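Peer 1: Chains A and B, in that order, give the protein sequences. Residues in the first sequence are numbered consecutively from 0, following numbering that gives the first Met the number 0. Residues in the second sequence are numbered consecutively from 0, following numbering that gives the first Met the number 0. Backbone N, C-alpha and C fix where the C-beta goes; we use that ideal spot for every residue, glycine too. Predicted model only: the values in this text are computed from it and were never measured. This is the structure I have questions about; it appears just below.
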Amino acid sequence: MAVAGVDVGAATAKVLILESGEILGYSITLTGADIKKSADKVMEQALQKAGLSKSDLKFTISTGYGRNFVDFADRSMSEILCHARGVKFLIPSVGSIIDIGGQDSKAIELEEDGRVCNFVMNDKCAAGTGRFLEVMANVLEVGSIDKIGPLALKSRNHARISNTCTIFAETEVVSLRAQGWNRIDLLAGIHDAIASRVVTMASGIRLKDDAVFTGGVAKNVAVKKALEEEMGKKLLVPDEPQITGALGAALRAEGFA
Amino acid sequence: MEELLKLFNFSEDEIKSEKDRIKRAFKKAGIDSADIERAKLNARKYLDLELEGMRKIYGIWVREFIDLVLAGEEGKKIVYGIYPTFPTATDALMVMSEDVYVTSPEVVLDNVYGTLFGKINRLLRAAEDHGMPPARAHCSLLQARLGAIELGVMPVPDLLLATGFFCDQAPEIDELIHRIYDVPVVYTDRCMVAGAGEWPDINEREDVYLSETIEEAFEETGKIIDHEITEGDKDRGAGFLVQAILAHNGLAEYKMDKDPCPISMLDSYNFAFLGCATAMRRAYENNEIIKAHEMLLLEMRERVEEGKGVVEEGAPRVAINIPNWVDPSLQYMQEKEIGLAVPISHYEYFIDKEIPIVTSMEGMSYERYAGRVMLAKGIFHSIDAFIDYTKDLVEAGNCDGFLWEYPFSCRPLAITPYMVKKVLEEEYGIPTLALEGDKYDSRFYSAEQQRTRLETFAEILRERKEKSWQ
């Protein structure tokens, strides 16, 4: 019998369908303003990919900040435990996780058996999150968020950008742009800023070896590189880093099915 | 108004005889009919009004608030001690005369004007007009003191008993009040020399130094308010203090290991602070505090016998530092919505190591004793003691972890959370969540913002407890 994990984040909603530890299908869509509608939509898409219907699902767990608005879920869980479970499944040697999503970032420390023993999250500001990158991509008129990472890697002279606040950093970038800094160097500075912010936050836990980078921002090669430089260690990135929360929720759902 | 007062066991006769006073106090405090409606809603939702003992205890707080607001126009000599440390030394002042009113006003304001009426922000904003902008490491508890004076919610005192015992902000605020309102300030102080491995022993130098400053402060106080503080006053004050501590300790000791937890931490805190932090002559003299404690103990026993509690049996249990106060929805979320049992807090329980010190004053002066009551507490003693004390609390309460929601603007408490967390986790294996918040200013932190962190912590503890993480 199949189970589902639904991860409704601030930026994207993800559903993953699982049966006996095998991923049958998953889907990712923008969360938008109507959480319930997005959850329904992404569930339909995932079911279609898995070739199943809702009645085939034995148990569904929702997670993410919109978890309590997923009407069709049998229960909800916080995303930190789900991310940990999903990552442990994909990369069994994982010791810690850096997850950067649309509106929050978190660092999670795992025990050897995969249990979460410690975590920290950003608590006041979006400066260390995907939203920060979106705002900056807009300011610099890059066009698509997907382009900013590869562009930033071309820089040989990183600008210094404040990492304390998305809005202040935006003003700073506009000002530096006016001073003649080119877009690529500014983008590199922006990536350094997000890495510095996240690593500072992550100092609240022990960052072990076999650290795994997840969340939508893990797809950005320049953030990964900046984080690795800041932390002084390599990061592992799953093939699809955005679905680890949904995967973990589905794995936990198997326990209830 | 009558309906609200009846929630807190005000009798018909008392409402009738006190009506004019209460109306005057509410008017002076800017409490209107909408505020009274809000207070009724808050009381019914957040306070455990099923318990008569709790209704009595909250009634004492409401009476204290009315006395505080009217103390000036009723011609009292007014002395404000400071929270959290000095009230133990003010018990002698409290009993010395009907004409002297002594309290720690911010405790009363936060609990009644904040928790019940939801109006504390009005006081905080007023303080901000005097150079205390928000989010600038100003203690929001003490902002309420300044704001309440500024708005006339409570009177300008005749004397401020300031102390730097635990925190440097307290004497600074009193200095500011002195500058604005020309109120005399008398200081007590402590030399913070207690170190690792000393607790529960009291450091001799601190002991002597603190008691000497209290003695000098009492002498100075007597001169300023024109009342001699007699040895008899001190004996009575000490008697009240010991009586209240033991009564409270009995309650805390009874409930701390019960599963399910029979009362919420918000309610526990209300009785803890009656005994240990405020000075309320009338409540002591009428024996109201002891009666309320006895009633509450009886009701808790009934709940325990019936297997009733405020959270499910077997819920993950956490010890905490201080409960959320001016925004009761935070404490409500922790216990009622997330399902964390909170049986014990730093301020609530004098564990075995402290009780012998607190209950014995043989052969020592009142000043020495009053100082010792404060110096004995693990949370005030030293960081090393703070850690050991927390470990002992976690064990005494059969707790699964420690939740430290520290006030961002509290300088003594905001500095150490991660140091303490590291030691508790690595040396003692106690899962610890350090969560930034502000128990005295709800404008910066909401229940929803903290929900994910608290839910995750609860899930981690639940899984460790049930070993069901697989």
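1. Taking the straight line between their C-alpha atoms, what separation do you get for T162 (chain B) and Y208 (chain B)?
2. For F212 (chain A), which of helix, strand or coil comes out of DSSP?
3. For a test of the three-state rule: what should DSSP assign to A28 (chain B), helix, strand or coil?
4. Can you name the start and end residues of the alpha helix (DSSP H) that N137 (chain A) belongs to?
5. Here's a check: name, in chain order, each residue in its chain whose Cβ is nearer than 8 Å to the Cβ of S52 (chain A), leaving out the five neighbours to either side.
6. Taking just the CA atoms, how far does F116 (chain B) sit from R144 (chain B)?
7. Let me know the secondary structure DSSP gives L265 (chain B) once reduced to three states.
8. Just mark T89 (chain B) as buried or exposed, buried being the case when its beta carbon has 16 or more other beta carbons within 10 Å.
9. Taking the alpha helix (DSSP H) that A192 (chain A) belongs to, which residues open and close that run?
10. Report the neighbours of Y64 (chain A) on chain B: residues whose CB is nearer than 8 Å to its CB, in chain order.
11. If we call anything under 8 Å between Cβ atoms a contact, is D208 (chain A) one with G94 (chain A)?
12. Spell out whether any CB of chain A is found under 8 Å from the CB atom of E404 (chain B).
13. Assuming L92 (chain B) and V78 (chain B) are in contact, meaning their beta carbons sit under 8 Å apart, how far apart are those beta carbons, in whole angstroms?
14. Check whether the region 218 to 226 of chain B touches the region 141 to 161 of chain B, counting contact only when three or more Cβ pairs, one atom from each stretch, lie closer than 8 Å.
15. If the cut is a Cβ gap below 7 Å, which residues of chain A does T455 (chain B) touch?
16. Please report the distance separating the alpha-carbon of E465 (chain B) from that of K307 (chain B).
17. Could you tell me the distance, in whole angstroms, from the CA atom of K44 (chain B) to the CA atom of E2 (chain B)?
18. CB-CB under 6 Å to V184 (chain B), same chain, minus the five flanking residues each way: which ones, in chain order?
19. Measuring CA to CA, which of B:Q142, B:L122, B:D167, B:L175 is closest to G151 (chain B)?
20. If you run the structure through DSSP and keep just helix, strand and coil, what is F58 (chain A)?
21. Could you have a look at C81 (chain A) and say whether DSSP puts it in helix, strand or coil?
22. Is it buried or exposed for S202 (chain A), if we count other Cβ within 10 angstroms and need 16 for buried?
23. Given that R196 (chain A) touches chain B, what residues does it touch there, using C-beta distances under 8 Å?
24. Taking three-plus beta-carbon pairs below 8 Å as touching, is the region 126 to 145 of chain B in contact with the region 184 to 195 of chain B?
25. Between D98 (chain A) and chain B, is any beta-carbon pair separated by less than 8 Å?
26. Just the Cα atoms here: how many angstroms apart are R461 (chain B) and P315 (chain B)?
27. Any contact of the region 19 to 30 of chain B with the region 59 to 74 of chain B, i.e. 3+ C-beta pairs under 8 Å?
28. Could you check whether the Cβ of E435 (chain B) sits closer than 8 Å to any Cβ belonging to chain A?
29. E36 (chain B) to A42 (chain B), Cα distance in whole Å?
30. Does the count of Cβ pairs from the region 284 to 299 of chain B and the region 363 to 380 of chain B closer than 8 Å reach three?
31. Taking G101 (chain A) and G8 (chain A) to be in contact with their CB atoms under 8 Å, please state how far apart those CB atoms are, rounded to whole angstroms.
32. Can you pull the chain B neighbours of R159 (chain A), defined as C-beta to C-beta under 8 Å?
33. How many Å lie between G142 (chain A) and A136 (chain A) at the Cα?
34. Quick one: residues in its chain with C-beta nearer than 7 Å to the C-beta of D232 (chain B), no 5 flanking neighbours on either side, listed in chain order?
35. Is it true that the region 142 to 161 of chain A meets the region 217 to 228 of chain A, where meeting means three or more beta-carbon pairs spaced less than 8 Å apart?
36. Could you tell me whether any Cβ in chain A is nearer than 8 Å to the Cβ of W468 (chain B)?
Peer 2: With the given structure in hand:
1. The residue given as residue 162 (chain B) occupies position 163 in the second sequence. The residue given as residue 208 (chain B) occupies position 209 in the second sequence. If I take the Cα positions, the gap works out to 13 Å.
2. Within the first sequence, the letter at position 213 stands for residue 212 (chain A). Strand.
3. If you number the second sequence from 1, residue 28 (chain B) lands on position 29. Here A28 (chain B) sits in coil by DSSP.
4. Numbered from its first residue, the first sequence carries residue 137 (chain A) at position 138. Looking at the DSSP string, the run of the alpha helix (DSSP H) that includes N137 (chain A) is 129 to 138.
5. Taking the first residue of the first sequence as position 1, residue 52 (chain A) is located at position 53. Around S52 (chain A): L46.
6. The residue labelled residue 144 (chain B) in the question sits at position 145 within the second sequence. The residue labelled residue 116 (chain B) in the question sits at position 117 within the second sequence. Answer to the nearest angstrom: the Cα atoms are 16 Å apart.
7. By one-based count along the second sequence, residue 265 (chain B) stands at place 266. If DSSP states are grouped into helix, strand and coil, L265 (chain B) belongs with the helices.
8. Position 90 of the second sequence, counted from the first residue, corresponds to residue 89 (chain B). Sixteen is the threshold: when 16 or more other Cβ atoms of the shown chains lie within 10 Å of the Cβ of T89 (chain B), as they do, the residue is buried.
9. Taking the first sequence and counting its residues from 1, one reaches residue 192 (chain A) at position 193. From DSSP, the alpha helix (DSSP H) with A192 (chain A) extends over 182 to 201.
10. In the first sequence, residue 64 (chain A) corresponds to position 65, counting from 1. For Y64 (chain A), the residues of chain B that pass the 8 Å Cβ criterion are T451, in the order they occur in the chain.
11. For the purposes of this step, residue 208 (chain A) is identified with residue 209 of the first sequence, where counting begins at 1. For the purposes of this step, residue 94 (chain A) is identified with residue 95 of the first sequence, where counting begins at 1. The Cβ-Cβ distance between D208 (chain A) and G94 (chain A) falls below 8 Å.
12. Start at 1 with the first residue of the second sequence, and residue 404 (chain B) comes out as number 405. Answer no: the Cβ-Cβ gap between E404 (chain B) and chain A never drops below 8 Å.
13. Locating residue 92 (chain B) in the second sequence gives position 93, where the first residue counts as 1. Locating residue 78 (chain B) in the second sequence gives position 79, where the first residue counts as 1. Sure, about 6 Å apart at Cβ, within 8 Å.
14. yes
15. Taking the first residue of the second sequence as position 1, residue 455 (chain B) is located at position 456. The contacting residues are S77, I79, L80, F118.
16. Translated into the one-based positions of the second sequence, residue 465 (chain B) becomes position 466. Translated into the one-based positions of the second sequence, residue 307 (chain B) becomes position 308. Cα to Cα, the separation comes out at about 22 Å.
17. Position 45 of the second sequence holds residue 44 (chain B). Position 3 of the second sequence holds residue 2 (chain B). Approximately 15 Å between the Cα atoms of the pair.
18. The residue given as residue 184 (chain B) occupies position 185 in the second sequence. Taken in chain order, the residues that qualify are L159, A161, D173, H177.
19. In the second sequence, residue 151 (chain B) corresponds to position 152, counting from 1. Comparing Cα positions, the closest option is B:L122.
20. Position 59 of the first sequence holds residue 58 (chain A). DSSP places F58 (chain A) in strand when its eight states are reduced to three.
21. Walking along the first sequence from the start, residue 81 (chain A) turns up at place 82. Looking at C81 (chain A) - three-state DSSP - the assignment turns out to be helix.
22. Counting from 1 along the first sequence, the entry for residue 202 (chain A) is found at position 203. Exposed, because fewer than 16 other Cβ atoms sit within 10 Å of the Cβ of S202 (chain A).
23. Taking the first residue of the first sequence as position 1, residue 196 (chain A) is located at position 197. Those do not exist, as R196 (chain A) stays about 16 Å from chain B at its closest Cβ, beyond 8 Å.
24. no
25. Position 99 of the first sequence holds residue 98 (chain A). Look at D98 (chain A): its C-beta is not under 8 Å from any C-beta on chain B.
26. Locating residue 461 (chain B) in the second sequence gives position 462, counting from the first residue. Locating residue 315 (chain B) in the second sequence gives position 316, counting from the first residue. Distance between the alpha carbons of R461 (chain B) and P315 (chain B): 6 Å.
27. A contact between stretches requires three or more CB pairs, one per stretch, nearer than 8 Å, and the region 19 to 30 of chain B meets this requirement with the region 59 to 74 of chain B.
28. Taking the first residue of the second sequence as 1, we reach residue 435 (chain B) at position 436. Yes, contact with chain A.
29. In the second sequence, residue 36 (chain B) corresponds to position 37, counting from 1. In the second sequence, residue 42 (chain B) corresponds to position 43, counting from 1. When rounded, the distance between both Cα atoms is 10 Å.
30. no
31. Indexing the first sequence from 1 puts residue 101 (chain A) at position 102. Indexing the first sequence from 1 puts residue 8 (chain A) at position 9. Yes, they are in contact, since the Cβ atoms of G101 (chain A) and G8 (chain A) sit about 6 Å apart, within 8 Å.
32. Residue mapping note: residue 159 (chain A) aligns to position 160 of the first sequence, counting from 1. Chain B residues near R159 (chain A): none, gap ~25 Å exceeds 8 Å.
33. Counted from its first residue, the first sequence places residue 142 (chain A) at position 143. Counted from its first residue, the first sequence places residue 136 (chain A) at position 137. Approximately 7 Å between the Cα atoms of the pair.
34. Translated into the one-based positions of the second sequence, residue 232 (chain B) becomes position 233. Only A91, V94, M95 meet the Cβ criterion.
35. yes
36. Numbered from its first residue, the second sequence carries residue 468 (chain B) at position 469. The predicted model places W468 (chain B) with a pLDDT of 43, which falls under 50 and marks its position as unreliable, so this point remains unresolved.
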